[in-house]
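Right, one structure below, let's go through it.
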Amino acid sequence: MTAQHRPGLVLGSRFAGDFPELGVPWRAAEASVPRLLVLNEPLAAELGLDADYLRGDEGVRLLAGTHVPEGATPVAQAYAGHQFGGYSPRLGDGRALLMGELPDGRDLHLKGSGRTPFARGGDGLAAVGPMLREYLVSEAMHALGVPTTRSLAVVATGDTVQRERPLPGAVLARVAGSHLRVGTFQYARANHDDEVLRRLADHAIARHHPEAARAENPYLALFDSVLGAQAELVARWMLLGFIHGVMNTDNTTISGETIDYGPCAFMEGFDPATVFSSIDTQGRYAYANQPPIMQWNLARFAETLVPLVDPDRDEAVRLLTEVLGTFPDRYQRAWTAGMRAKLGLPAGAPAGEADELIDELSRLLGATRPDFTGFFRALGAAAEGDPTAVRGLVGHLADPWLARWRALDPDPGSMARVNPLYIPRNHLVEEALDAATAGDTGPFEELLVVVADPFTERPGLGRYAAPAPPDGAPHVTFCGT
Ligand code: AMP
Ligand code: MG
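Taking this note's numbering, the leading residue of the sequence shown gets -5, the next gets one more, and so forth.
This is the structure we're talking about:
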């Protein structure tokens, strides 16, 4: 093979080179018997990567971090963050590495690749189950049209990770617009002078919010643009019943992508107070709290930008506060537009009537608590004239609402394109991960195929569209696993 056609990977080291203050050059731990568990071939193709190469010996070691392409400089990135409201001045990649930038500018990042200087008390490792879980849910989110980090591969290391019981270890290869977080800005602001902060902001603008460079006040425009992206992102989550579970500022990206699928889960029966995470005892990150928590996280971002926005501190605070105050409206607009689409309302539907229907539906859902995903699919059938499935979920309570809604001539075709039939339901995810942990990746592969095409009904998949059997214990998720 000629040099120009080498299938291997060229990784940039732009972040590593430009921000020595925000990263520590580091190498992944050796894996005793690296074995590819899953490879995202469509994503590999999108990135111009040769799947045969990635399946080969060098490719698998690359995906586990133990083969470093020539010229690459893997770093453990530094960041701070508010976790459950409390500030940690030094978090960083305790078990992760930024391998470098892919040819299209996105990051290739590994999770579970061994202890780094940021590991604190942690072992730097990850188990097969949680890494496959991130793979599955992030790819489902992508298929659902939600901005998210992507998953390229999971490699089993052949080593044992000690949790409540010994588990097989794994490394996730993740692809993201970048790994810049609100926590990255918090760290730069707390530990470095304004020059570093400005360079970081310029880097973020160039990478994710280039239009801000042309604004009168580029750093205020950066804040405005991140805020807009996050308002839309959280609206998408809410419209799908997605509960992130650990919305700390170190898990809030500057790109507007969903990141860090730890204790996340999809709500089944509608309940605004739904929490799944075992450690979220106060319900801080409950379903209905996600929009205000995102605004809170953005307030922490705004604080870091004060020195860049205006030399007069009070003026900077005034300008940033003004932009921050636009969050509820922008969130509400994104959510309402999404609800109109979920209800299949034609563009010409009178806004007042549509808003009233949406309000009333929220009350109806709160009172009846149907399976959130199933309800909107059932509405699709009702739009075609068959309300049986809706009645199966909420009885006749919805009849007057249905009559008003149908008078607006909802479009079942467009509804079926935004209301998923197949989401990664918690009991199915657990079942697939348990099997994979025990050595059988079959159920994982089947579930992945189903959730990668969430809107198209296919024969024989009824079980994937149904909520958890009612006799099961409430679903609980665990963080940092
Ligand atoms: P997360 O809750 O996954 O966003 O992680 C929060 C912080 O804990 C990050 O700084 C992680 O790098 C770190 N962390 C989580 N698990 C481990 C582990 N097993 N070893 C070292 N650091 C970890
Ligand atoms: Mg994190």
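Glycine is no exception: its CB is placed at the ideal position from the N, C-alpha and C atoms.
Problem - Residue from T67, H136 and P406 whose Cα sits closest to the Cα of L227 - result: Nearest of T67, H136 and P406 to L227, Cα basis: H136.
Handout entry: Whole-Å CB distance - L37 paired with L146, under 8 Å assumed
Key = About 6 Å; that satisfies the 8 Å criterion.
Practice task
Report the residue from V18, N185 and A167 whose alpha carbon sits nearest the alpha carbon of G75.
Solution key: Ranking V18, N185 and A167 by Cα distance to G75 puts N185 first.
Handout entry: Length of the line joining the Cα atoms of L130 and R278
Key = One C-alpha to the other measures close to 25 Å.
Exercise for the section: Please say whether T246 and V176 have beta carbons closer to each other than 9 Å? Expected result: Contact: yes.
Problem - In DSSP terms, what D101 is bridged to - result: Listed as beta-bridge partners of D101 by DSSP are E95 and A170.
Practice task
Spell out a yes or no on whether the region 268 to 275 and the region 108 to 119 are touching, meaning 3 or more CB-CB pairs, one atom from each, closer than 8 Å.
Solution key: Result no; under three Cβ-Cβ pairs closer than 8 Å.
Practice task
Could you tell me which uninterrupted alpha helix (DSSP H) segments, each at least 4 residues in length, are contained entirely in the region 447 to 473, listed from first to last along the chain?
Solution key: Assignment of alpha helix (DSSP H) within the region 447 to 473, counting only whole runs of 4 or more residues, yields 456 to 459 in chain order.
Handout entry: Where the beta strand (DSSP E) containing S82 begins and where it ends
Key = Taken as a continuous stretch (DSSP letters only), the beta strand (DSSP E) holding S82 covers G80 to S82.
Exercise for the section: Taking the CB atoms as reference points, tell me whether L126 and L318 lie closer together than 9 Å. Expected result: Annotated as distal: L126 and L318, with beta-carbon spacing of 9 Å or more.
Handout entry: Rounded separation between E24 and T60 - CA only
Key = Spanning the two alpha carbons is a distance of roughly 6 Å.
Exercise for the section: Examine the ligand AMP and report whether any of its heavy atoms sits within less than 8 Å of the Cβ of F179. Expected result: No - the ligand AMP has no heavy atom lying nearer than 8 Å to the Cβ of F179.
Problem - Beta-carbon contacts of A207 that lie in its chain and below 6 Å, excluding the five residues immediately before and after - result: Excluding positions up to five away in sequence, the list reads I199.
Practice task
Count the other CB atoms, across all protein chains shown, that sit within 10 Å of the CB of Q276; report buried if there are 16 or more and exposed otherwise.
Solution key: It counts as exposed.
Practice task
Determine the direct distance from the alpha carbon of E309 to that of E133, and round the result to whole angstroms.
Solution key: When only Cα atoms are considered, E133 and E309 end up about 43 Å apart.
Exercise for the section: Could you spell out where the beta strand (DSSP E) holding P145 opens and where it closes? Expected result: Position check: residue 145 holds Ser in this sequence, whereas Pro was assumed. Per DSSP, S145 belongs to the beta strand (DSSP E) from R144 to Q156.
Problem - Distance cut-off 8 Å: G169 Cβ against heavy atoms of the ligand MG - result: Checking the displayed sequence, the identity of residue 169 turns out to be Val instead of Gly. Result no, Cβ not under 8 Å from the ligand MG.
Exercise for the section: Please classify R307: is it buried, with 16 or more other beta-carbons within 10 angstroms of its beta-carbon, or exposed? Expected result: By the neighbour-count rule (16 or more Cβ atoms within 10 Å), R307 is not buried but exposed.
Exercise for the section: In angstroms with no decimal places, state the Cα-to-Cα distance between G6 and N34. Expected result: Between G6 and N34, the C-alpha separation is close to 21 Å.
Problem - Closer than 8 Å: I253 CB and nearest the ligand MG heavy atom - result: Taking 8 Å as the cut-off, one finds at least one heavy atom of the ligand MG near enough to the beta carbon of I253.
Exercise for the section: Assign Y81 to one of two classes, buried (16 or more other C-beta atoms within 10 Å of its C-beta) or exposed (fewer than that). Expected result: Per the 10 Å Cβ criterion, exposed.
Practice task
Could you say if the region 366 to 381 and the region 298 to 307 meet the contact criterion of at least three C-beta pairs nearer than 8 Å?
Solution key: No, the region 366 to 381 does not touch the region 298 to 307.
Handout entry: Proximity winner among A282, L138, G116 and G118, relative to L442 (alpha-carbon distances)
Key = Taking the Cα of L442 as reference, the smallest distance to any Cα among A282, L138, G116 and G118 is reached at L138.
Handout entry: Proximity of L337 and L358 at Cβ, strictly below 9 Å
Key = Against a cut-off of 9 Å, the Cβ pair of L358 and L337 comes out as no contact.
Exercise for the section: Would you check if the distance between the CB atom of S249 and the CB atom of H197 is smaller than 9 Å? Expected result: At a Cβ-Cβ threshold of 9 Å, S249 and H197 do not count as neighbours.
Handout entry: Assumed close pair L161, V122 - CB separation to whole angstroms, cut-off 8 Å
Key = Sure, about 7 Å apart at Cβ, within 8 Å.
Handout entry: Presumed contact (8 Å Cβ cut-off) between L166 and L96, rounded CB distance
Key = With a Cβ gap of about 16 Å, L166 and L96 do not count as contacting.
Exercise for the section: Counting only runs of 3+ residues fully inside the region 29 to 68, write out the beta strand (DSSP E) ranges in chain order. Expected result: Those beta strand (DSSP E) runs which fall completely within the region 29 to 68 and span 3+ residues are 29 to 33.
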